Amino acid sequence: MSMGGRLAGVLGLFLVAVGLVVWGVATLITPGVSGGLVNFTHTQAAGQPVNLTVETVGSIGYGAHPTWVSYLTKDPHTGKYVHETSWELPANTVVDMTVYQYDSGSPLRNQQWGQVEGTIGDDATLNGKDFTTYDSNTGTGVGHTFAIPALNLIVPLVGVGGNNICGMAPCLPSAFPHNTETFSFKTPGPGTYNWQCFVPCALGYLFGNGGAMSTQGYMGGELEVVS
Amino acid sequence: MAEENSTDTDSHFRRITIIWLVLSVVLDLLYWFLVGPHVPPGRMTSTARADQFDFNVLFVVALPVLIGIWEFMLYSVFTWRSKRAGVPEPVGGPTAAGNKRAEVSWIVITSVVVLLLAAFGTVSVITGKGSGGGEVPNPLWSPSGSVKAETAALAGTGTWAPNTNAVLPVQVIGQQWKWTYRYPTFGGFESSQLILPDNTNIEFNVTSLDVIHSFWAYQLEVKADANPEENNVAFTKTEQLGSFVVRCSELCGIWHGAMFNYGKVVSQTAFMTWATQTEAANATNTEDLPIFAWTYVPDANGAAGGYYPDGKLTPYSSDEVYGSKQPGS
Numbered sequence: 001m002s003m004g005g006r007l008a009g010v011l012g013l014f015l016v017a018v019g020l021v022v023w024g025v026a027t028l029i030t031p032g033v034s035g036g037l038v039n040f041t042h043t044q045a046a047g048q049p050v051n052l053t054v055e056t057v058g059s060i061g062y063g064a065h066p067t068w069v070s071y072l073t074k075d076p077h078t079g080k081y082v083h084e085t086s087w088e089l090p091a092n093t094v095v096d097m098t099v100y101q102y103d104s105g106s107p108l109r110n111q112q113w114g115q116v117e118g119t120i121g122d123d124a125t126l127n128g129k130d131f132t133t134y135d136s137n138t139g140t141g142v143g144h145t146f147a148i149p150a151l152n153l154i155v156p157l158v159g160v161g162g163n164n165i166c167g168m169a170p171c172l173p174s175a176f177p178h179n180t181e182t183f184s185f186k187t188p189g190p191g192t193y194n195w196q197c198f199v200p201c202a203l204g205y206l207f208g209n210g211g212a213m214s215t216q217g218y219m220g221g222e223l224e225v226v227s
Numbered sequence: 228m229a230e231e232n233s234t235d236t237d238s239h240f241r242r243i244t245i246i247w248l249v250l251s252v253v254l255d256l257l258y259w260f261l262v263g264p265h266v267p268p269g270r271m272t273s274t275a276r277a278d279q280f281d282f283n284v285l286f287v288v289a290l291p292v293l294i295g296i297w298e299f300m301l302y303s304v305f306t307w308r309s310k311r312a313g314v315p316e317p318v319g320g321p322t323a324a325g326n327k328r329a330e331v332s333w334i335v336i337t338s339v340v341v342l343l344l345a346a347f348g349t350v351s352v353i354t355g356k357g358s359g360g361g362e363v364p365n366p367l368w369s370p371s372g373s374v375k376a377e378t379a380a381l382a383g384t385g386t387w388a389p390n391t392n393a394v395l396p397v398q399v400i401g402q403q404w405k406w407t408y409r410y411p412t413f414g415g416f417e418s419s420q421l422i423l424p425d426n427t428n429i430e431f432n433v434t435s436l437d438v439i440h441s442f443w444a445y446q447l448e449v450k451a452d453a454n455p456e457e458n459n460v461a462f463t464k465t466e467q468l469g470s471f472v473v474r475c476s477e478l479c480g481i482w483h484g485a486m487f488n489y490g491k492v493v494s495q496t497a498f499m500t501w502a503t504q505t506e507a508a509n510a511t512n513t514e515d516l517p518i519f520a521w522t523y524v525p526d527a528n529g530a531a532g533g534y535y536p537d538g539k540l541t542p543y544s545s546d547e548v549y550g551s552k553q554p555g556s
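Chains as they are written, first to last, in this note's numbering: chain A, 1 to 227; chain B, 228 to 556.
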C-alpha cells in the first residue's frame, strides 16, 4: 500500500476513534431525552392560580426504562397523564399542586426532607389533613419528595403500604392505594428552575441517585417560568 | 576597547536597574492601594482578609520579577537589535557562558524569594488556623475554645450567646444535590439556610451523606471537602455583615451545577433571634432527626434507608464508639 493510502487509513481510524469517544461522552453526559414542556400558560387566566397535577409511580411500566420510578404530569388540555416533567408556567403566579403518590416509602436519608418548606404557609395536606412535617422513620415512610432547590421548597410525599403497588402508569386512584397531597407555591420571576426528588429512589444505582434520579423526565424536571 | 565595553555594560546595567526599580515601586504601590483592597475573596472573614493579604503580598513580590523580565526583553530588542549601525552582533554559545556574578545572583535571589515566600505561607496557614481549608477530623490548628465547643455540642450541652466570644460549631451536610446545616448549640436543628453571627469564630464540621462534595463559600474563604463518613473541620472568624454564596466544587452528579445556596452574616443579636425562632419552628422535625453526630451512616437498608450517628464520640476522634449505630438495634 502506498504511503498516502496508509496515511489515509490511519487518519480514518483516528477519526472513527475520536467519533466513538465523542459519542460515548455525549451519551454519558446527556441527561436523558425529555419530549418537551407541558404548557400551563395557554389556558391560564391572568392572575388566577395554576392547577398542576402529577403522580408518582414505582415503575412506569413502558418506554425505554419500564422498571424506573417516575413522575407523570396531567396535561391540562387533554386531562391525560403524560410522561413529561418539565412545565411552562407563568411568572409570579400561585401554583396549586396536587400529587397522587402511588409508590411505597422508606426512611429518608436526611429526615430534614420530612419537613415541608417553601410552600405558601410552609405546610401541605396529606389526604385532606394539614401537616408540616412527617417522620419518615414511622409508618410507611416517605416515597419521594417534590423539591425546587432555588425556591427552598420541599414537600415529602408519603409512601403507601401493602402489596398492591401500581406498577404501570398511569395509575388509577380507584385501583391502587395512594396518598393525595396538596400544596401551593408561587412561581418566581422568569427563568429556568430545576425541580427534583431528593429521595435516592433509583434502586440498583450508586447511592440510589443514578438512573431515574439522574435522567430528565423521570424524577426531576424543569420549570420554564415565563412572563 | 575592553574598557569601553565594560563601561557600556555598566551603563546598560545601571539604566536597566533604575528603570526596573522605578517601574516596580510605582506599579507595586498602584497595585497595593488601588487593586489590592478589591481582590477576591474580600474581607468578610478573618481567613478571607488574610488570604487577600497573602495574595497581594505574593503579587507585589512577583510583579517586579515580571517587570524585570519584560523590561530586559524590550531593552534588549531595542538596544541590541542587529540592524543598528555600529552595534556588534550579540555573542551566544560557549563564549557567552561563565558569568559567575550573574549566575550566583540569580540563584541566590530566586532562592531567597522562594524560601521567604514558603516561610510566609507557612506562618499564614498556622496563624490563620488552617486558612479556612478543611483540616480533616484532627485539625492541627484551631482557635481557642473550639474543642470545648465541640465537646459540648456532641453532648448536647453546647450554648452560644452574643458577646460571649464562644466558638459556634456548624455542621455542613452535603447530599445530592443540596447543602443543609445543623446547629448543635441550638438543639441540633437543621436548616437549608446558612446564617452566621458577625465577629464570631465559626467551626465548620463538613460531611456528606452520599458521594464526595466540596463545601466552598468563597467570600468566607472556606473550602472543605465533604466526604461520606468523615468529619472535615474548617475554621474562620466572621468580620463583616453581608451575603455570600455556597457552592459545591466537586463534580457530584447531574445537578452538581444547581447545588448552591446563599448564606448571610448577620449581627449577633439578629443571629440569636433567627436561631431561637428556627429552633422552635423546627422542633417537631428536629426530634425526628438523628442525634447530632460528626458523621452519619446508612442503616441496613442502605441507600434507601435512614441515616444514623456513626458513633464518633469525642471531637476529632474517629475511633470511639457511641452506643449503637441504629435506634433499637
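Ideal Cβ positions, reconstructed from N, Cα and C, are used throughout, including at glycine. Treat the numbers as computed from the prediction; the structure is a model and nothing was measured.
Where does residue i fall in DSSP's three states?
i, result
"A:M97", "strand"
"A:L153", "strand"
"B:F286", "helix"
"B:Q403", "coil"
"A:F185", "strand"
"A:V57", "strand"
"B:S354", "In the sequence on display, residue 354 of chain B carries Thr and not Ser. DSSP places B:T354 in helix when its eight states are reduced to three."
"A:D103", "coil"
"A:Q115", "strand"
"B:T236", "helix"
"B:E506", "helix"
"B:G469", "strand"
"B:H440", "strand"
"B:F498", "helix"
"A:H144", "strand"
"A:Y62", "coil"
"B:Y523", "strand"
"A:S227", "coil"
"A:W87", "strand"
Find the nearest neighbour of residue i within the set the options, judged by alpha-carbon distance.
i, options, result
"B:S273", "B:V249, B:I294, B:S351, B:V433", "B:S351"
"B:F442", "B:K491, B:E457, B:G361", "B:G361"
"B:S358", "B:N326, B:L447, B:K405, B:L285", "B:L447"
"A:Y134", "A:T67, A:Q101, A:G114, A:G63", "A:G114"
"A:C201", "A:V225, A:S70, A:I120, A:L223", "A:S70"
"A:S184", "A:L223, A:G63, A:P49", "A:P49"
"A:V99", "A:P173, A:A17, A:E222, A:G118", "A:P173"
"B:G480", "A:V226, A:S227, A:Q216, A:E224", "A:Q216"
"B:S369", "B:G355, B:A379, B:T378", "B:G355"
Near residue i, what residues of its chain come up, given a Cβ to Cβ distance below 6 Å and the 5 sequence neighbours on each side ignored?
i, result
"A:D103", "T56, G58, G143"
"B:F240", "none"
"A:A169", "V57, I60, G61, L72"
"A:N51", "D96"
"B:A289", "none"
"B:N458", "P364, N432, T434, W521, T522"
"B:S476", "S441, W443"
Determine which residues share a DSSP beta bridge with residue i and list them.
i, result
"A:A124", "A:F131"
"A:W195", "A:G221"
"B:L395", "B:I429"
"B:F462", "B:E430"
"A:T73", "A:V54, A:V82"
"B:S418", "B:Y408"
"B:C475", "B:F442"
"A:T180", "A:Y100"
"B:T272", "B:T465"
Please report the straight-line C-alpha distance between residue i and residue j, rounded to a whole angstrom.
i, j, result
"B:L257", "B:P291", "13 Å"
"B:G383", "B:E514", "13 Å"
"A:K129", "A:D123", "10 Å"
"A:N163", "A:L11", "59 Å"
"B:F280", "A:P107", "48 Å"
"A:N179", "A:P156", "11 Å"
"A:F207", "B:V399", "19 Å"
"B:I518", "B:F260", "50 Å"
"B:F498", "B:V492", "8 Å"
"A:W195", "A:F146", "7 Å"
Just to confirm my understanding: we take residue i, look at its own chain, exclude 5 residues before and 5 after, and list those with CB closer than 7 Å. What are they?
i, result
"B:W387", "A393, L395, T412"
"B:E330", "none"
"B:L516", "G415, E417"
"B:A461", "G357, G359, G360, G361, E362, F431, V433, V449, A451"
So, at 8 Å on beta carbons, what are the nonlocal neighbours of residue i in its own chain, with the 5 sequence-adjacent residues on each side left out?
i, result
"A:G36", "E84, S86"
"A:K186", "N92, T93, V94, V95, I120"
"B:N577", "With chain B covering only 228 through 556, there is no way to say anything about residue 577 of chain B."
Examine the ligand SAM and report whether any of its heavy atoms sits within less than 7 Å of the Cβ of residue i.
i, result
"B:F442", "By its list of ligands, the structure shown contains no ligand whatsoever, and the ligand SAM lies outside what it can speak to."
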